[in-house]
Structure formats: structure tokens, C-alpha cells
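Novice:
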Amino acid sequence: MNKILLKIDGREVEAGEGMTILEAARKVGIVIPTLCHHEKLEPYGACRICTVEAEIRGSTKLVAACLYPVEQDLIVRTRSERVDKIRRMILELLLAHAPEARQLQDLAKEYGADKDRFEKEPSFCILCGLCVRYCAEVKKKNAVGFVNRGAGREISFIPEIASKECWKCKECFPLCPTEALQAAYVFTEALVSLTSFQA
Ligand code: FES
969 MNKILLKIDG REVEAGEGMT ILEAARKVGI VIPTLCHHEK LEPYGACRIC TVEAEIRGST
1029 KLVAACLYPV EQDLIVRTRS ERVDKIRRMI LELLLAHAPE ARQLQDLAKE YGADKDRFEK
1089 EPSFCILCGL CVRYCAEVKK KNAVGFVNRG AGREISFIPE IASKECWKCK ECFPLCPTEA
1149 LQAAYVFTEA LVSLTSFQA
């Protein structure tokens, strides 16, 4: 693997070809927040909380660290006024959907995000897709999926599969950044037993 030298927060970092900024940063203990990333899953780039400043040949842009590949002489800033502002805004939007989510609240404190900036539209799911992708990519079961489009998009357990597979697995529960997944599962479980009771 070819070696690539870059700078992250002023630190020389040696990375391998094909690594992302996030992987290179983590390798040397630099923390970049993530909400939709999981090392066992394909990069997804949904939440954008991992946004960093990337400077190459004098031009700077904002990129998602979990997607953007390292390159020679790249200069990365994981904290700056611009980066913090974007993360603050993302958190304020997400908190409108999942105001009780501990992980979001902790990040909000760190970035000075106002949890009441946007009108609350609690859906409890921030559409990170971790449960959907973990079930599909790692467990190969597809017991949970996205339903609807646009503003109505949400995750839903597929009752026929979930009733057979989920009770012995539940590996996706701890991945959920809003802890709402368990509630969705309990709801599906109740629905399934109600339907079988009525049948
Ligand atoms: Fe990078 Fe979500 S962690 S976009």
C-alpha cells in the first residue's frame, strides 16, 4: 500500500492509499464526531457531522471525513469556526427530530448548539441508516428498512422477517444514536402478536 503524508490539525500523519480522512485521523487518536459511520459498513455520508476543512493546493473545501479519501499533502482542519458552525447547524436540525437523544445532546453541548432553535418535529429517527445497513450488510437479513420518501421517510421493521430474526439478534439496538430503535422494535413485536392473536 502506498504511503500518503498529510497534515491533520497541524500534525503529520502517515496514511495508506484508499483510507479516508476519518480513518487517518482515528489512527492517530484525533477525534472527529460521526453519527452514521460504522467501521463494518460501507461509508454512507448521510449525517455530515464529520464535516472537516480540507485544503489542497491552496484551495479549501468542506468535506465529509468519512467519505473523503486522503491524498498527498492534504491539510485537514477538524475544528475551525466554519466546521463548528456547520456541525452546530446539523445538530440543531437533528435535535428537532430527536430532542431526547443523549448522543446529540452531548454533541450539542460541545458545539454550543441550541436544541430549541428549530420547531420540534419529533420522529426520533435521524435517518442515519445504521440499523438498516447493519442488518443488510452484516447480518444479511434485511429485517429493517426505509419506508416512504421525502419528509415521510422513516425506518420500519419488516414484521414477517423481524418476528423470525430479531428476537435472537438485536445487534442493531446499540448502534442507534437516538435510542429510538428499540421502541420501534417493541411496537412491531406488539403488532405481530396482535395480528397473530386476531388470526
Ligand atoms: Fe460522515 Fe455521517 S459520519 S456523514
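First residue of the sequence shown: 969, per the working numbering; consecutive thereafter.
Ideal Cβ placement from N, Cα and C applies to all residues, glycine included.
Identify the continuous beta strand (DSSP E) that holds Ser1048 and give its terminal residues.
Specialist: Premise fails: Ser1048 is in no beta strand (DSSP E) and is neither H nor E.
Novice: What residue from Ile1017, Leu1035, Thr1028 has the CA that sits closest to Ile989's CA?
Specialist: Leu1035
Novice: Closest to Arg1056 by CA distance: which of Lys1088, Asp1082, Glu1139, Glu1087 is it?
Specialist: Asp1082
Novice: So Leu1018 and Ile1000 are supposed to be a Cβ contact under 8 Å. How far apart are they, rounded?
Specialist: With the sequence shown as reference, residue 1018 is identified as Cys, and Leu is not the correct amino acid for it. The pair is a contact, with the Cβ atoms about 5 Å apart (cut-off 8 Å).
Novice: Quick check on Ala1167: does DSSP put it in helix, strand or coil?
Specialist: Because the pLDDT of Ala1167 is 47, which lies under 50, any placement of that residue in the model is unreliable, and the number read from its coordinates should be weighed accordingly. Of the three classes helix, strand and coil, the one that applies to Ala1167 here is coil, per DSSP.
Novice: Could you tell me the alpha carbon to alpha carbon distance between Gly1013 and Val1031, rounded to whole angstroms?
Specialist: 10 Å
Novice: For the 8 Å Cβ check, are there 3 or more pairs between the segment 1061 to 1077 and the segment 1115 to 1133?
Specialist: Taking a cut-off of 8 Å on C-beta distances, the segment 1061 to 1077 does not touch the segment 1115 to 1133, as fewer than three cross pairs fall below it.
Novice: Is Cys1015 near the ligand FES, with its Cβ less than 7 Å from a heavy atom?
Specialist: Checking the Cβ of Cys1015 against the ligand FES gives yes.
Novice: Quick check on the DSSP output: the alpha helix (DSSP H) that includes Leu1098 runs from which residue to which?
Specialist: 1098 to 1101
Novice: Taking 7 Å as the line, does the beta carbon of Thr1002 fall inside it for any heavy atom of the ligand FES?
Specialist: yes
Novice: Roughly how many angstroms lie between the CA atoms of Cys1134 and His1006, to the nearest whole one?
Specialist: 20 Å
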